[in-house]
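In what follows, a single structure is set out as structure tokens and then discussed.
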Amino acid sequence: RHGFRDDPGVSDGHGGGDPARPLAFVHPLVRSSIYSEMSSRERVQSHERAARLLGDAGEAPDRIAVHLLATRPGGNAETVSTLRQAAKGARNRGAPDVAVTYLQRALAEPPSADLEPELIYELGKAALSAGELELAIEKLRQATRDLADGHVRAEAANALGSALFLAQRPEEAMTDLTTVIDQLPAS
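Quick note, in my numbering, the sequence shown goes up one by one and the last residue is 262.
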């Protein structure tokens, strides 16, 4: 067994009980050695447990999200929320590629039906910022169809127009933007 509780020096998820020294492997080779001895199921369970312990300890969403990425989707709303918060933090730090990874995993969870269009829009924006134009176009196009709020749909259409422009597809931009404009309620 490779669990935290199996180590008598670890009581609260920190090495030797010292909060200034978070629990970590002493060397990447040690981590690789332990990982190679574990089954994929044991690894998933260990990451689930680590995410739960970190969440219970009030750790930052990005610390928890690293473990959630290694778990299997299960329709857990808390997982979606944590990944979404971690994605927001990544975008704010200027790491849209990390935000893309977190949001893709959140969508795989999957989120509730009413939250899914918002996550798709956030993924489209993050992909655009990361320069992943094809992913951005796909997700922003989907968001312009599925978002309920007309204002947010207009923002998604604006981002879609930018992505299509950057991809040098101005004709598609005109067609997509015209379609969205025609579907928006008159104000």
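Here a beta-carbon is modelled for each residue, glycine too, at the ideal position from N, C-alpha and C.
query	result
Distance between residue 171 and residue 113 (C-alpha atoms, nearest Å)	32 Å
Cα-Cα separation between residue 216 and residue 206, rounded to whole angstroms	16 Å
Coarse secondary structure for residue 243, derived from DSSP in three states	coil
C-alpha gap between residue 116 and residue 146, whole angstroms	9 Å
Other residues of its chain near residue 71: CB distance less than 6 Å, five sequence neighbours each side excluded	With the chain running from 76 to 262 in the structure shown, residue 71 is simply not present.
Cβ distance (whole Å) where residue 185 is taken to contact residue 150 below 8 Å	6 Å
Cut-off 6 Å between Cβ atoms - residues of its own chain near residue 228, not counting five sequence neighbours on either side	219 and 222
Cβ distance (whole Å) where residue 164 is taken to contact residue 136 below 8 Å	6 Å
Member of 189, 187, 259 and 156 whose CA lies at the smallest distance from the CA of residue 177	156
Where residue 102 sits in the DSSP three-state scheme	coil
Own chain partners of residue 242 with C-beta closer than 7 Å, once the 5 adjacent residues on each side are dropped	208 and 212
Proximity of residue 140 and residue 168 at Cβ, strictly below 9 Å	no
C-beta neighbour in chain D for residue 237, strict 9 Å	Absent from the structure is chain D; it holds one protein chain and no more.
N- and C-terminal bounds of the alpha helix (DSSP H) containing residue 199	191 to 205
Expected contact under 8 Å - CB spacing of residue 162 and residue 174 to nearest Å	4 Å
Residue 112 (DSSP reduced to helix, strand or coil)	helix
As assigned by DSSP and simplified to three states, the class of residue 158	helix
DSSP three-state assignment for residue 253, whether helix, strand or coil	helix
Candidates 153, 111 and 204: closest to residue 127 by CA position	153
Burial state of residue 188 (16 or more Cβ within 10 Å)	exposed
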